[in-house]
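In our numbering, the protein residues as written are -4 to 330. These notes are about the structure you will find just below.
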């Protein structure tokens, strides 16, 4: 485990030393921990005011605090604009993303027509099909499957058993968590009067740069045209993105979100866990959905929504309060 001085830690996050640590800038730091568990060689952070009381008892040598947050006089602090962002930056310093070794396991199957940069790492039992192209510094983990004509950019990480099906495109620095599936067929069928006739799904999935797809999440290929996940989007585990969806840059979706086909999600949206969106809708930029929300119509940009069917959050609070009173109201009506 590497160690750095507290002054170096402050420099990494763009912070300013305060309290007792101003006099001990050479104190060695080995990591970041919670306020409850941090020790004398660790930093901590206060990103949620509900944990403010733990500043009194933390064993951390110093805590990342915003400029408007108070602290006990005996506690070392590092003043930053955003304590959680400071934590993230220092954590990335101590635990950087893996770097490709360029090794290729003998059990991997790499088609002779595939084109891999010299330093691409390929793990055990991975399969890379014909005419696939993989850029410099990318890691293809154990059991991964890369289909025909797939294009994968530089410094991507495909974790164990993830799948990129034929013709799909990944930009640079894309991360697929274990079991993620990119380019499975979309759910497309036509009723013939006797049975459901499968419609060939002939589009692609395009993941732009800096996209991360969670474990066992699925992004379906387009039926006609592409499913597109724009730059910087982060999808949690078990998220389902249907065919021909487009998700705007830097949107995030928590676990078990489901987006139905041909829906367009704006930039910078935030969807809580288990929320769902019906098909062929338009969700404006910057929308926020509470967990378990069910969206049945278009949503204006910048709104905060909750409930099923989804409604403005303030309205949902009133509706929820009213629902709690319904048994009492019914009883009064029956008298």
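Each residue gets a CB set at the ideal place from its N, CA and C atoms; glycine is no exception. Quantities reported herein were computed from a predicted structural model and do not represent experimental measurements.
**Request:** Report the three-state DSSP secondary structure of residue 169 (helix, strand or coil).
**Result:** As a working mapping, residue 169 is identified with position 174 in the chain shown. If DSSP states are grouped into helix, strand and coil, residue 169 belongs with coil.
**Message:** If I follow the unbroken alpha helix (DSSP H) through residue 89, where does it start and stop?
**Reply:** Position 94 of the chain shown, counted from the start, is the residue given in the question as residue 89. Judged by DSSP secondary structure, residue 89 falls within the alpha helix (DSSP H) whose first and last residues are 78 to 89.
**Message:** Tell me the DSSP secondary structure of residue 283 in three-state form.
**Reply:** Along the chain shown, read from residue 1 onward, the residue named residue 283 stands at position 288. DSSP places residue 283 in strand when its eight states are reduced to three.
**Prompt:** Hey, out of 121, 275, 311 and 35, whose CA is closest to residue 288's CA?
**Reply:** Position 293 of the chain shown, counted from the start, is the residue given in the question as residue 288. The residue with the shortest Cα to Cα distance from residue 288 is 311.
**Message:** As an exercise, report each continuous beta strand (DSSP E) stretch of at least 3 residues that is fully enclosed by the segment 104 to 189, in chain order.
**Reply:** DSSP runs (the beta strand (DSSP E)) wholly in the segment 104 to 189: 176 to 179 and 184 to 186.
**Prompt:** For the alpha helix (DSSP H) that residue 316 lies in, which residues bound it at each end?
**Reply:** Residue numbering aside, residue 316 sits at position 321 when the chain shown is read from its first letter. Bounds of the alpha helix (DSSP H) holding residue 316 are 308 to 329.
**Request:** Could you tell me the distance, in whole angstroms, from the CA atom of residue 245 to the CA atom of residue 97?
**Result:** Counting from one through the chain shown, the residue named residue 245 turns up at place 250. Counting from one through the chain shown, the residue named residue 97 turns up at place 102. Using only the alpha carbons, I get a separation of about 30 Å.
**Option in 182, 232, 170 and 211 with minimal Cα separation from residue 205** = For the purposes of this step, residue 205 is identified with residue 210 of the chain shown, where counting begins at 1. Minimum Cα distance to residue 205 is reached at 170.
**Message:** Using CA atoms only, rank isn't needed, just tell me which of 81, 80, 127 and 30 is closest to residue 147.
**Reply:** Locating residue 147 in the chain shown gives position 152, counting from the first residue. Selected option, being the one with the closest Cα: 127.
**Beta-carbon proximity list for residue 62, same chain, < 7 Å, skipping 5 on both sides** = As a working mapping, residue 62 is identified with position 67 in the chain shown. Taking C-beta separations shorter than 7 Å and ignoring five residues to either side along the sequence, the partners of residue 62 in its chain run 74, following chain order.
**Asked** Given a threshold of 16 other Cβ atoms within 10 Å of its Cβ, counted over all protein chains shown, does residue 191 qualify as buried or as exposed?
**Response** Here residue 191 refers to the residue found at position 196 when the chain shown is read from its first residue. With fewer than 16 neighbouring CB atoms inside 10 Å of its own CB, residue 191 falls in the exposed class.
**Continuous alpha helix (DSSP H) stretch holding residue 5: start and end** = In the chain shown, counting from the first residue as 1, residue 5 sits at position 10. 1 to 8 is the span of the alpha helix (DSSP H), which, as asked, contains residue 5.
**Message:** Please classify residue 241 as buried or exposed, where buried requires at least 16 neighbouring CB atoms within 10 angstroms.
**Reply:** Residue numbering aside, residue 241 sits at position 246 when the chain shown is read from its first letter. Within a 10 Å sphere around the beta-carbon of residue 241 sit 16 or more other beta-carbons, which makes this residue buried.
**Request:** Using the Cα positions of residue 260 and residue 214, report the straight-line distance between them to the nearest angstrom.
**Result:** Your numbering for residue 260 matches position 265 in the chain shown. Your numbering for residue 214 matches position 219 in the chain shown. About 14 Å.
**Request:** Take every Cβ of the segment 51 to 70, pair it with every Cβ of the segment 102 to 112, and state whether three or more of those distances are shorter than 8 Å.
**Result:** Contact between the segment 51 to 70 and the segment 102 to 112 is not established, with fewer than three Cβ pairs separated by less than 8 Å.
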